[in-house]
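Here's the structure, in structure tokens; my notes come after.
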Amino acid sequence: MTMRTAHGRPAPTAAAIRPRLWMAMIAAVLALGVLSAKAAVSEDEPVIILAVPDPDPDLAPVTVATVRQYKKKITATPFSLRKPYRTNDIDDMASGFSRELLRRLEGSNQFLTKTSLYGLPVEGGGPSLNRSAVRRLAMINDSQFVISGDIQDSGVADEGGYLGFFRTRTRSLDIDLFVHDGKTGALVARRRISQLAEDDVVVGRNKSFASTAFFSTGFGKVVDRMLDSAVELIVSDLDNLPFSAKIIKVKDDEIYIDAGATSILASGDELMVYQVRNDLPLVGPDSNSEVGIPETAIGKVLITQVQPLFSICRTVAGARNVLPKVGDFVRVDGLGRVSN
Numbered sequence: 001m002t003m004r005t006a007h008g009r010p011a012p013t014a015a016a017i018r019p020r021l022w023m024a025m026i027a028a029v030l031a032l033g034v035l036s037a038k039a040a041v042s043e044d045e046p047v048i049i050l051a052v053p054d055p056d057p058d059l060a061p062v063t064v065a066t067v068r069q070y071k072k073k074i075t076a077t078p079f080s081l082r083k084p085y086r087t088n089d090i091d092d093m094a095s096g097f098s099r100e101l102l103r104r105l106e107g108s109n110q111f112l113t114k115t116s117l118y119g120l121p122v123e124g125g126g127p128s129l130n131r132s133a134v135r136r137l138a139m140i141n142d143s144q145f146v147i148s149g150d151i152q153d154s155g156v157a158d159e160g161g162y163l164g165f166f167r168t169r170t171r172s173l174d175i176d177l178f179v180h181d182g183k184t185g186a187l188v189a190r191r192r193i194s195q196l197a198e199d200d201v202v203v204g205r206n207k208s209f210a211s212t213a214f215f216s217t218g219f220g221k222v223v224d225r226m227l228d229s230a231v232e233l234i235v236s237d238l239d240n241l242p243f244s245a246k247i248i249k250v251k252d253d254e255i256y257i258d259a260g261a262t263s264i265l266a267s268g269d270e271l272m273v274y275q276v277r278n279d280l281p282l283v284g285p286d287s288n289s290e291v292g293i294p295e296t297a298i299g300k301v302l303i304t305q306v307q308p309l310f311s312i313c314r315t316v317a318g319a320r321n322v323l324p325k326v327g328d329f330v331r332v333d334g335l336g337r338v339s340n
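Under my numbering, read the sequence shown as residues 1 to 340, first letter to last.
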């Protein structure tokens with residue numbers, strides 16, 4: 001069967017297209033050469049300009065699909081200090097570290113961030129086991145995930161030397177990072193980052209945390225690298241967890257969700273709707289700890305209008321739908337990436 005174009009002519013074969021492409025390329029190169037030589041000749045000398053032929057209308061244009069990744073909302077609490085007296089020379093390290101971490105996470109262009117004014121209790125050097133406290137912080141800060149941390153040590157020590165001379169002053173920094181799911185309060189990631197600084201390790205409270213003066217010190221350079229490492233780890237941990245948003249209003253056939261253009265949502269996007277079942281949380285048989293609450297997929301919605309901080313949706317015709325209610329949530333199953 002002979003393929004034909006929209007103009008009714010036989011569609012060109014690959015063998016027929018190849019010479020046209022070569023001719024167009026040669027013509028373009030010649031035209032560039034003539035234009036470059038034009039500057040070297042006088043205005044009185046005639047110059048011949050070769051015209052580059054228009055693209056063949058029968059050749060389909062090449063289109064490149066773009067991919068949007070929804071931004072997830074996260075909050076970070078002030079980090080706990082295991083040994084506060086060892087950071088007396090550092091201005092506001094507990095809150096400063098979490099603030100700078102959030103700033104860099106937002107700079108990754110994958111998150112919307114909010115600093116929490118309240119912390120989470122650290123229990124036995126580990127993450128908070130109080131899931132209701134995690135859920136409450138997530139609700140207050142309108143966040144999908146909650147980040148907390150524990151600064152284990154930042155002590156200064158003198159090493160080596162002979163008879164008190166030629167000693168090297170070092171300072172270790174060990175930080176545990178915890179990432180919690182805001183909907184269930186469950187711990188979804190736990191990381192340890194450690195570094196050792198040498199020389200110029202005493203900062204001084206006159207240098208604000210994360211300032212240029214702070215990062216110019218030996219200890220500040222180590223903190224800078226640790227912050228970058230923390231960002232990479234958190235981005236990796238949250239990359240495989242799907243984007244979700246809450247339903248905050250239902251009016252007639254309009255469904256309002258608490259995510260909009262700032263989260264990179266767009267009109268025409270489709271989202272799955274889920275309801276949390278009225279079941280008791282699932283508990284692991286061995287650890288006797290909660291692992292989550294079952295959910296039920298009740299339908300699909302289509303975004304019809306997007307505002308900066310919220311979107312309006314309607315149910316998709318033909319999909320199995322149960323009327324959603326306030327408190328249900330929408331989610332993109334998969335990685336939350338949408339091709340335009």
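A virtual CB, placed ideally from N, CA and C, is assigned to each residue, including glycine.
From a predicted model like this one, the values you see are computed outputs, not experimental measurements.
#### Entry: Ile-264 (DSSP reduced to helix, strand or coil)
coil
### Task
With a cut-off of 8 Å on the beta carbons, I'd call Arg-205 and Asp-91 a contact; round off their distance for me.
5 Å
### Query
Of all the options Gly-107, Asn-109, Pro-127 and Arg-136, which has the alpha carbon lying nearest to the alpha carbon of Tyr-118?
Arg-136
### Task
Please report how far the alpha carbon of Lys-72 lies from the alpha carbon of Pro-308, in whole angstroms.
14 Å
#### Entry: Proximity winner among Ser-194, Phe-214 and Ala-210, relative to Val-201 (alpha-carbon distances)
Phe-214
### Message
Quick check: what's the CA-CA separation for Asn-88 versus Ser-208?
### Response
Linking Asn-88 to Ser-208 through their CA atoms gives a straight-line distance of about 13 Å.
### Residues sharing a beta bridge with Phe-329, DSSP
Lys-246 and Tyr-274
### Query
Rounded to a whole number of angstroms, what is the C-alpha to C-alpha distance between Val-222 and Ser-154?
11 Å
### Task
Tell me whether the beta-carbon of Leu-177 lies closer than 8 Å to the beta-carbon of Ile-147.
yes
### Task
Using the Cα positions of Glu-198 and Gly-220, report the straight-line distance between them to the nearest angstrom.
11 Å
### Query
In the structure shown, what three-state DSSP assignment does Lys-207 receive?
coil
### Task
Compute the Euclidean distance between the alpha carbons of Leu-120 and Arg-104, then round it to the nearest angstrom.
21 Å
### Task
Name the one or two DSSP bridge partners that Ala-76 has.
Thr-115 and Ile-147
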